[in-house]
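Participant: My questions all concern the structure below.
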Amino acid sequence: MRRLSPVQVLRSSAVGAALLLLLAVALLIWVGWPWALLAFALAAWFGVDAWRAARWVREERDATEKTS
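The sequence shown begins at 1 in full-length UniProt numbering and counts up by one.
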């Protein structure tokens, strides 16, 4: 199985978090807070993953700059 690059992980996590956040707001408006709470929790999970991926991208960039 192919490993994703740090930038791909960052992009997919950020997009996933944003879409889940929109879904959570829509669920809060039309369905109710229990379902929205689940979507907010998943959005937070993806947000933490995006935060870690951003740190990973920064470390990769710094390592590349030091070697060149």
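Glycine included, C-beta positions come from ideal geometry on N, C-alpha and C.
#1: Assuming A53 and P6 are in contact, meaning their beta carbons sit under 8 Å apart, how far apart are those beta carbons, in whole angstroms?
#2: Measure the CB-CB distance between R35 and L22 and report whether it falls below 8 Å.
#3: Where does A41 land, buried or exposed, given buried means 16+ other C-beta within 10 angstroms?
#4: When you compare only the Cα positions, how much space is there between A17 and L10?
#5: Tell me whether the beta-carbon of A50 lies closer than 8 Å to the beta-carbon of L20.
Facilitator: If we stick to the structure as given:
#1: 6 Å
#2: For the sequence presented, residue 35 should be read as Trp rather than Arg. No; because the gap between Cβ atoms is not below 8 Å, this pair is not in contact.
#3: exposed
#4: 11 Å
#5: no
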